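K.L.:
Take a look at the following structure, please.
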Amino acid sequence: MGELRAYRALLGAQFRSVASYRVSFLAEMAANLGTTALDIATVVVLFATARAVAGFTLREALLIAGLSSLGFALADMLIGNVDHLKVYVRAGTMDVVLVRPLGALAQLLCMDLPIRKISRGLLSLAVLVAAVRLNHIDWTLTRAVLLVVTPLAGLVFFGAIFVLSASLAFWWVDSGEIGSAFTYGGRDFSSYPMPIFAGWFRTLFAYALGFAFVAYQPALILLGRTDPLGLPAWAGFLSPLVALPAAALAALVWRAGIRQYRSTGS
Amino acid sequence: MDRLDARVPLISEDQQLRRSLVTFRAIVRSGFRRWSTYRQATAAGAFTNVVFGFVRCYVLLAVAAAAADGKAAGYDAEQLATYVWIGQGMLSVIAIWGWTDLADRIRTGDIAADLLRPVHPVVSYLAADLGRAGFAVLTRFLPPLIAGLIFFPMYEPRRWTTYPLFALSMLLAVVVCFGCRFLVNASAYWAGDARGALFFWTLASGVLAGLYFPLRLLPDGVTALLYLATPFPSLLQVPSDVLVERDGPAVQAGLVGVQAVWAAALLMVCAAVQRRAERRLVVQGG
Numbered sequence: 001m002g003e004l005r006a007y008r009a010l011l012g013a014q015f016r017s018v019a020s021y022r023v024s025f026l027a028e029m030a031a032n033l034g035t036t037a038l039d040i041a042t043v044v045v046l047f048a049t050a051r052a053v054a055g056f057t058l059r060e061a062l063l064i065a066g067l068s069s070l071g072f073a074l075a076d077m078l079i080g081n082v083d084h085l086k087v088y089v090r091a092g093t094m095d096v097v098l099v100r101p102l103g104a105l106a107q108l109l110c111m112d113l114p115i116r117k118i119s120r121g122l123l124s125l126a127v128l129v130a131a132v133r134l135n136h137i138d139w140t141l142t143r144a145v146l147l148v149v150t151p152l153a154g155l156v157f158f159g160a161i162f163v164l165s166a167s168l169a170f171w172w173v174d175s176g177e178i179g180s181a182f183t184y185g186g187r188d189f190s191s192y193p194m195p196i197f198a199g200w201f202r203t204l205f206a207y208a209l210g211f212a213f214v215a216y217q218p219a220l221i222l223l224g225r226t227d228p229l230g231l232p233a234w235a236g237f238l239s240p241l242v243a244l245p246a247a248a249l250a251a252l253v254w255r256a257g258i259r260q261y262r263s264t265g266s
Numbered sequence: 267m268d269r270l271d272a273r274v275p276l277i278s279e280d281q282q283l284r285r286s287l288v289t290f291r292a293i294v295r296s297g298f299r300r301w302s303t304y305r306q307a308t309a310a311g312a313f314t315n316v317v318f319g320f321v322r323c324y325v326l327l328a329v330a331a332a333a334a335d336g337k338a339a340g341y342d343a344e345q346l347a348t349y350v351w352i353g354q355g356m357l358s359v360i361a362i363w364g365w366t367d368l369a370d371r372i373r374t375g376d377i378a379a380d381l382l383r384p385v386h387p388v389v390s391y392l393a394a395d396l397g398r399a400g401f402a403v404l405t406r407f408l409p410p411l412i413a414g415l416i417f418f419p420m421y422e423p424r425r426w427t428t429y430p431l432f433a434l435s436m437l438l439a440v441v442v443c444f445g446c447r448f449l450v451n452a453s454a455y456w457a458g459d460a461r462g463a464l465f466f467w468t469l470a471s472g473v474l475a476g477l478y479f480p481l482r483l484l485p486d487g488v489t490a491l492l493y494l495a496t497p498f499p500s501l502l503q504v505p506s507d508v509l510v511e512r513d514g515p516a517v518q519a520g521l522v523g524v525q526a527v528w529a530a531a532l533l534m535v536c537a538a539v540q541r542r543a544e545r546r547l548v549v550q551g552g
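Have a look at this one:
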């Protein structure tokens, strides 16, 4: 109970801080909306150049992009602030977090109120709804459940990637932008049909790291298509089975990181 | 202090130009040295540029492969690969994102120290930025380029004039980008912080500079409007177009000319904005 009050105080402080820079807040909210709009616009521009790119039409590509975008937007909204860990470690702010009698991860997430990111989630949802309608999906109960579960699995998976990338800062203070390669890079990668990519790069990102299961494989089931790359249809149901171990691994790495955290001093 | 110059006030009036050049060079060097201390972050950033390069390169190659003539917006596969990897390297040379030095100093009040210096702020920040860009050419431009050369067939320019033109184009891109970033940061003089302006800059610069897709995929009228009426294509699209010889020699040189006009215009606007800001500046902080 006392803990909840503490979190509420933290969030309240953030809320007041946001409220005191109102113009900046509105601008950031609009810009967040714009980021997602541009990601989707990019897919539209690229896929509108030909009838199909790598065997996928614009509307099919939009479904994949929508699924990935919604999963990412949810994760970014709820867990994305952990991205700032490297700044906190470098500046010593992390010490303040650790001496408080509250969970470190939860506090980090409260240190930036992500109201402005809600706009992004809503737009992603709108894109997904539009893409679903454009594709004339042959509805079954399985497909309906899959449509709901996939963005949630995406949330868990991207959340795990956020925490894993951020944890790097515990071992490597100057890790800089390397986390973005997997968070934002992973989002970009998972927004496209996998046959676009090739070689070891596809093997690594799609299957070894698991980004193919965020949107592409489930989208194939929704579309009633077989995978041109030869994975069986049930691969589309694997997203939760990929997301949960990723989250478990992220939790382990985070704890190990906290345990071995050494302050940068002064 | 209300004109664009880098002169150090001197008792004797001789050799003023030489002295201001010496000052400029010293600031360029210190900019280079400052950035050369962030070695690990530099390596991490180069790695990230390479990962994004793979994603963007495969996507554009698939778009070209899907077209009837194997070309996207008039670029063949080799030109597209070069376009992507040059862009990934240029990103850090022009430092398109993440530069908030000026806004931070305005917000904290440290800007007062800059105003006391005998060098115009626009000039000293530009000099430091050129030093930073020089370091980035060595550490951030080459890794993506090498990755591209190893894993993708790349375009080799046919005309020897393309190389010096590209070097000039890259230098102008740095100046244009600096001018834009200075103006975006300078919004903090009025707004207190530059976060809002920075967000819009980040948003617009990526897509309008041609990072996400070559701007020529858009309708011709839109492309022409962007090239001439906005500085964004001068950041990435123009240097890449120059290197992959997307156009004949005349248009190629003309594009660099457009860049030069933007660079000069932006520096003048920066100086004007700085002058106005100094009149109304209230230094914050204690």
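Line order of the protein sequences matches chains A and B.
Under the working numbering, the very last position in the first sequence is 266; numbers go up by exactly one each time.
Under the working numbering, the very last position in the second sequence is 552; numbers go up by exactly one each time.
Glycine is no exception: its CB is placed at the ideal position from the N, C-alpha and C atoms.
Remember, predicted model here, so these are calculated numbers, not experimental data.
1) In chain A, which residues lie with their C-beta within 8 Å of the C-beta of Y493/B?
2) Below 8 Å on the Cβ atoms is my guess for A332/B versus A206/A; work out the distance and round it to an integer in Å.
3) Excluding five sequence neighbours on each side, which residues of the same chain lie with their C-beta closer than 7 Å to the C-beta of F432/B?
4) May I ask you to check if the CB of Y391/B is nearer than 7 Å to at least one heavy atom of the ligand MG?
5) Would the beta-carbon of Q518/B fall within 8 Å of that of S500/B?
6) Hey, how far is the Cα of S167/A from the Cα of A495/B?
7) In angstroms with no decimal places, state the Cα-to-Cα distance between L155/A and L222/A.
8) Looking at the structure shown, is F197/A part of a helix, part of a strand, or coil, going by DSSP?
9) Would DSSP call Y455/B helix, strand or coil?
10) Excluding the five sequence neighbours on either side, which residues of its own chain have a C-beta within less than 8 Å of the C-beta of G336/B, listed in chain order?
11) Once DSSP output is grouped into helix, strand and coil, what is the label at Y341/B?
12) Hey, T267/A and S239/A are a contact pair by Cβ (cut 8 Å); roughly how many whole angstroms apart?
13) Buried or exposed, going by whether 16 or more other CB atoms sit within 10 Å of the CB of F56/A?
14) If we call anything under 8 Å between Cβ atoms a contact, is Q211/B one with Y421/B?
15) Cβ closer than 7 Å: which chain B residues qualify as neighbours of Y192/A?
16) Counting only C-beta atoms, is L197/A closer than 8 Å to chain B at any point?
17) Measure the Cβ-Cβ separation of G176/A and A339/B and say whether it is below 8 Å.
18) Mind checking the region 169-182 of chain A against chain B and listing, in chain order, the residues whose C-beta falls within less than 9 Å of any C-beta there?
19) Mind checking the region 31-56 of chain A against chain B and listing, in chain order, the residues whose C-beta falls within less than 7 Å of any C-beta there?
20) For F466/B, which three-state DSSP category applies?
21) Taking Cβ-Cβ distances below 9 Å as the criterion, which residues of the region 204-229 of chain A are in contact with chain B?
22) Strictly below 7 Å CB to CB, what residues from chain A border A307/B?
23) Between the Cα of L62/A and those of A215/A, V97/A and F211/A, spot the shortest distance and give me the residue it belongs to.
24) Would you list the one or two residues that DSSP bridges to F56/A?
25) Would you say C323/B and G445/B are within 8 Å of each other, going by their C-beta atoms?
26) Indicate whether at least one CB of chain B lies closer than 8 Å to the CB of F201/A.
27) Mapping the DSSP letters down to three states, classify T308/B as helix, strand or coil.
P.N.:
Working from what's here:
1) The premise fails here: Y493/B is roughly 17 Å from chain A at the closest Cβ pair, so nothing lies under 8 Å.
2) Actually they are not in contact, since the Cβ atoms of A332/B and A206/A sit about 20 Å apart, beyond 8 Å.
3) Excluding sequence neighbours, F432/B sits near P505, V508 and L509.
4) The ligand content of the structure shown is nil, which means the ligand MG is not present either.
5) At least 8 Å separates the beta-carbon of Q518/B from that of S500/B.
6) Their backbone Cα atoms lie some 44 Å apart in a straight line.
7) Spanning the two alpha carbons is a distance of roughly 19 Å.
8) Here F197/A carries a coil assignment [DSSP, helix/strand/coil].
9) Assigned with DSSP and collapsed to three states, Y455/B falls in helix.
10) Taken in chain order, the residues that qualify are A330, D342 and A343.
11) Note: Y341/B maps to strand in three-state DSSP.
12) Residue 267/A is absent from the model: chain A starts at 1 and stops at 266.
13) By the neighbour-count rule (16 or more Cβ atoms within 10 Å), F56/A is buried.
14) Because chain B spans 267 through 552 in this model, residue 211/B falls outside it and cannot be assessed.
15) For Y192/A, the chain B residues whose Cβ falls inside 7 Å of its Cβ are V325, in order along the chain.
16) Looking at the sequence shown, residue 197/A is not Leu but Phe. Chain B, which has a Cβ nearer than 8 Å to the Cβ of F197/A, makes this yes.
17) Contact check for G176/A against A339/B fails: the beta carbons are separated by 8 Å or more.
18) Residues of the region 169-182 of chain A with a C-beta less than 9 Å from any C-beta of chain B: W172, V173, D174, S175, G176, E177, I178, G179, S180, A181 and F182, listed in chain order.
19) Cβ contacts with chain B come from A31, G34, T35, L38, T42, V45, L46, T49, A50, A52, V53 and A54.
20) Three-state result, F466/B: helix.
21) Closer than 9 Å at the C-beta level to chain B, one finds these residues of the region 204-229 of chain A: F205.
22) Within chain A, the residues near A307/B are D174 and G176.
23) That would be A215/A, whose Cα lies nearest to the Cα of L62/A.
24) DSSP lists V53/A as partners of F56/A.
25) No. Outside cutoff.
26) The C-beta of F201/A comes closer than 8 Å to at least one C-beta of chain B.
27) Helix at T308/B.
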